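When we follow the working numbering, the leftmost residue of the sequence shown carries the number 353, and every step to the right adds one.
Here a beta-carbon is modelled for each residue, glycine too, at the ideal position from N, C-alpha and C.
Nothing here was measured: the structure is a model prediction, and the numbers come from that model.
Have a look at the structure below, then the notes.
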Amino acid sequence: MLTATGRRVRSAVTVTIVVLTLLGTFVGDDDDFPFGPFKMYAGRDDPNGLVPDTRVEAVDSSGRLRVVDESSTGLRRAEIEGQAERFRAQPELLAALATAHARLRPDEPRFVEIRVVESLFRLQDSRPTGEQREQVLARWQAP
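Right under this line is the structure:
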């Protein structure tokens with residue numbers, strides 16, 4: 353059986369968690385997790401609209417086009433997608449990916465061009481129609 357002090361401590365902890373969760377829900381953001389809403393998966397795509405898919409491509413010094421993944425640069429896809437607007441505004445930031453690749457994979461050809469590419473896939477009744485568009489959001493070329 354709990355003592356009166358034990359009940360007060362449990363009640364205070366419970367109230368604190370409930371208050372933090374409510375505050376996080378109404379005024380929080382993903383950075384406030386676990387008390388804020390985890391919005392990354394909270395949305396859904398329009399069943400009759402366009403679905404974006406962002407990727408990073410690089411051309412290496414041998415001329416080969418490569419899709420850049422986490423093992424090449426240490427940056428996860430979600431981090432790239434989260435920075436897409438910054439890369440668009442400041443494409444020179446993509447040079448950091450080339451530097452990271454050179455450091456992580458010194459025996460591979462260097463990246464001489466990096467692009468952030470967004471593919472847009474059209475859905476009809478939640479199914480792909482086959483229609484696809486691509487646009488380059490940001491591009492960096494080695495000097």
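| field | Where Arg467 sits in the DSSP three-state scheme | value | If DSSP states are grouped into helix, strand and coil, Arg467 belongs with the strands.
| message | Taking 8 Å as the threshold (C-beta atoms), are Arg491 and Arg462 in contact? | response | Not in contact: Arg462 and Arg491 (Cβ atoms no closer than 8 Å).
| field | Unbroken alpha helix (DSSP H) run spanning Gly366, endpoints | value | Here residue 366 is Thr; the residue named in the question, Gly, does not match the sequence. Thr366 -> alpha helix (DSSP H) spans 356–379.
| field | Test item: CB-CB of Thr406 and Ile369 under 8 Å | value | No. Outside cutoff.
| request: Taking 8 Å as the threshold, find out whether the stretch 398–418 comes into contact with the stretch 445–463 through three or more Cβ pairs. | output: Under the Cβ criterion (8 Å, minimum of three pairs), the stretch 398–418 counts as touching the stretch 445–463.
| query | Alpha carbon to alpha carbon, what distance is there between Ala364 and Asp469? | reply | The residue asked about is misnamed: residue 469 is Val in this sequence, not Asp. Computed Cα separation, rounded: 50 Å.
| request: Output the boundary residues of the beta strand (DSSP E) element that contains Leu456. | output: Here Leu456 belongs to no beta strand (DSSP E); instead the alpha helix (DSSP H) covers 447–456.
| query | With respect to the beta strand (DSSP E) encompassing Gly482, which residues constitute its N-terminal and C-terminal limits? | reply | Start and end: 479–493.
| said: Can you check which of these residues, Phe378, Arg396, Arg359, is closest to Ser478 by C-alpha distance? | reply: The residue with the shortest Cα to Cα distance from Ser478 is Arg396.
| Residue of Arg485, Glu465, Thr355 minimising C-alpha distance to Arg474 | Taking the Cα of Arg474 as reference, the smallest distance to any Cα among Arg485, Glu465, Thr355 is reached at Arg485.
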